[in-house]
Amino acid sequence: MNELDALVEGAREAFAQAATPAELENAKALFLGKSGRITDLMKGMAALSVDEKKTRGAAINQTKQAVEAALTARRQALAEAELDLQLKAEALDVTLPGRQRGQGGLHPVSLTLERIEAIFGSMGFEVAEGPEIESDWFNFTALNTPEDHPARSMHDTFYVEGGSAQAPNLLRTHTSPMQIRHAVQHVKRHRAAIDSGAGMPEIRVIAPGRTYRVDSDATHSPMFHQCEGLWIGENVSFKDLKYVFTDFCRTFFESDDLVLRFRPSFFPFTEPSAEIDIQFQSGPLAGRWLEVAGSGQVHPNVVRNMGLDPERYIGFAFGMGPDRLTMLRYGVNDLRLFFDGDIRFLKQFR
Ligand code: PHE
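Under the numbering used here, the letters of the sequence shown match residues 150 to 499, in that order.
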C-alpha cells in the first residue's frame, strides 16, 4: 500500500471511530483542515518539477476526493443512526386500544322527570320548583290537613331543628305545598284582574321534585320523587283531569293499549279524591292494576288559601310518583337501585 492509499485508509478509520457529528468534524480537520494531512501534501509539491507536479497533483487530488467521499458517507451514516434513535424513542404503537373518555348520562329518574315536563309542557303546563325544607303551613295547614292528622306525626315526617309552624321546620312529605306556593304567586300577579271581575288566566302547572318520608323498604325510600299537577280555572272539571292524565300516561308509556281507573280515595286537600291506577293490556305487566298517582278536585278550603273564591274558581290536582313510573317503564323491581349510585346499574340508561 502506498503512502496515499494508507492516508485514505487512515481517514476512513478515523471517521469510523467518530461517534458523533462533532467528533467527525474534529477528525475531518486532521485530514482536510488548514494544517491537515492533505494540505501538507499540497505544500510538499512546491519543490517538484512541472511534470512531477502533474502526476503528483492528480494523485493527491484523487486522495483528497476519496477522503471527502469517506467523510460524506460517514456523515450520512451518523445522521441516519440519529434519526433511527429518535424514531425508536418516539415509537407509537398504533395497535394499542384508544383511551376512552367517560361518557356521562342522565339518571333514569331525571330522564322520567324530563319526559313528564315535556309531555305536560306540550299541554300548556308550566314547570315550578319549590323548597324541600318546608313549613307546617304549606305542607299541611294550608292543604286542609288537620292538626291531628297522622301524616304530621314524627313516625311519618322528618322535622328539622329550630323551625316553627310558619318557618321551615320539616322536609316536605309531598309536592302538594307547591299548589299553594304557585297559586299564591299567580293570584298576586293577577289580583287586579280578579278583583275587577275580568278574571285571571288559568293556573296550569306541574311541580316535580324530591320529597321525604320516614319509610324505607324495597318500594319505599326516605327520599323519593313526586310531581304535582295543578289546574285551576273557572270551568275545569274532573273530565279534564281524566282526559289530561289518560293522555299523559299513553304518551309517557308510548302505548294506547293502556286503560286508567279512578278509584275513590281520600285526601284532606281534595274532594272528591281518587287514586289513579293504570293497566297495560299487553306486555309483561298486562292485566295488573298499578297505582301511579293521587288526585282530586281541589278542596274549597285550599282554593280559599290560594286567595281565590271557591264559588268562582275550581280545578283539580294530582301527585304522581316519578320513581314508580321509571320502575314501570324500564322494568326495575327495586326502588333502592335508583339511589345506590351503582354505576353498573345507572350506565344502562345512558
Ligand atoms: N300529595 C298526595 C300524596 O302525596 C297526592 C295528591 C296530590 C293527591 C294532589 C291529591 C292531589 O299522596
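Cβ atoms here follow ideal geometry from the backbone N, Cα and C, with glycine treated the same way.
Values in this document were obtained by computation on a predicted structure and should not be read as measured data.
Please classify residue i: is it buried, with 16 or more other beta-carbons within 10 angstroms of its beta-carbon, or exposed?
{"i": "Tyr361", "result": "buried"}
{"i": "Met455", "result": "buried"}
{"i": "Asn384", "result": "exposed"}
{"i": "Thr169", "result": "exposed"}
{"i": "Met560", "result": "Nothing about residue 560 can be read from this structure; the chain reaches only from 150 to 499."}
{"i": "Lys203", "result": "exposed"}
{"i": "Met194", "result": "exposed"}
{"i": "Ala155", "result": "exposed"}
{"i": "Phe415", "result": "exposed"}
{"i": "His323", "result": "buried"}
Excluding five sequence neighbours on each side, which residues of the same chain lie with their C-beta closer than 8 Å to the C-beta of residue i?
{"i": "Ile343", "result": "Val336, Met349, Leu457"}
{"i": "Ala314", "result": "Ser284, Asp285, Trp286, Thr290"}
{"i": "His410", "result": "Before going on, a small fix: residue 410 reads as Arg here, not His. The residues are Ile425, Asp426, Ile427, Gln428, Trp438."}
{"i": "Met372", "result": "Arg359, Thr360, Tyr361, Phe488"}
{"i": "Val309", "result": "Ile282, Pro317, Asn318, Leu319, Leu320"}
What is the residue span of the alpha helix (DSSP H) that residue i lies within?
{"i": "Arg161", "result": "152-166"}
{"i": "Phe415", "result": "Counting along the chain, Phe415 falls outside any alpha helix (DSSP H), though it belongs to the beta strand (DSSP E) covering 407-416."}
{"i": "Ser284", "result": "From DSSP, Ser284 is part of no alpha helix (DSSP H) but of the beta strand (DSSP E) over 282-284."}
{"i": "Asn210", "result": "199-238"}
{"i": "Asn175", "result": "170-181"}
{"i": "Arg453", "result": "449-454"}
{"i": "Asp189", "result": "186-192"}
{"i": "Ser345", "result": "340-345"}
{"i": "Phe401", "result": "387-401"}
Using the DSSP secondary-structure output, state which residues sit across from residue i in a beta bridge.
{"i": "Met469", "result": "Cys376, Ala442"}
{"i": "Ala423", "result": "Pro413, Ser444"}
{"i": "Asp111", "result": "A question about residue 111 goes unanswered here, because the residues of the chain that appear run from 150 up to 499."}
{"i": "Gly464", "result": "Ile381"}
{"i": "Leu245", "result": "None; Leu245 has no bridge partner."}
{"i": "Pro299", "result": "Paired residue(s): none; Pro299 is not in a bridge."}
{"i": "Gln428", "result": "Val408"}
{"i": "Glu275", "result": "Val354"}
Output the boundary residues of the beta strand (DSSP E) element that contains residue i.
{"i": "Gly358", "result": "352-361"}
{"i": "Ser271", "result": "Taken as a continuous stretch (DSSP letters only), Ser271 belongs to no beta strand (DSSP E), being part of the alpha helix (DSSP H) at 257-271."}
{"i": "Leu320", "result": "317-320"}
Taking 6 Å as the limit between beta carbons, can you name the residues of its chain near residue i, skipping five residues before and five after?
{"i": "Gly312", "result": "Asn318"}
{"i": "Phe418", "result": "Leu292, Asn293, His448, Val451"}
{"i": "Ser422", "result": "Ser414, Phe415, Phe416, Gly445"}
{"i": "Ala167", "result": "Leu173, Ala176"}
Can you name, in chain order, every residue of its own chain whose Cβ lies under 7 Å from the Cβ of residue i, other than the five neighbours on each side?
{"i": "Leu486", "result": "Phe494"}
{"i": "Val333", "result": "Met455, Gly456"}
{"i": "Val258", "result": "His374, Pro471, Asp472, Thr475, Phe487"}
{"i": "Pro459", "result": "Pro449, Val452, Arg453"}
Say the cut is 7 Å; is the CB of residue i nearer than that to a heavy atom of the ligand ATP?
{"i": "Glu377", "result": "As for the ligand ATP, it is missing from this structure, which binds only the ligand PHE."}
Closer than 8 Å, CB to CB, is residue i near chain D or not?
{"i": "His335", "result": "In the displayed structure, chain D is absent; only one protein chain is listed."}
Are there three or more Cβ pairs, one per stretch, closer than 8 Å when the segment 375-389 is compared with the segment 320-331?
-> yes
May I ask you to verify whether the segment 392-408 touches the segment 268-283, counting CB pairs closer than 8 Å and requiring at least 3?
-> yes
Segment contact flag, the segment 218-226 with the segment 249-262, C-beta cutoff 8 Å, min 3 pairs = no
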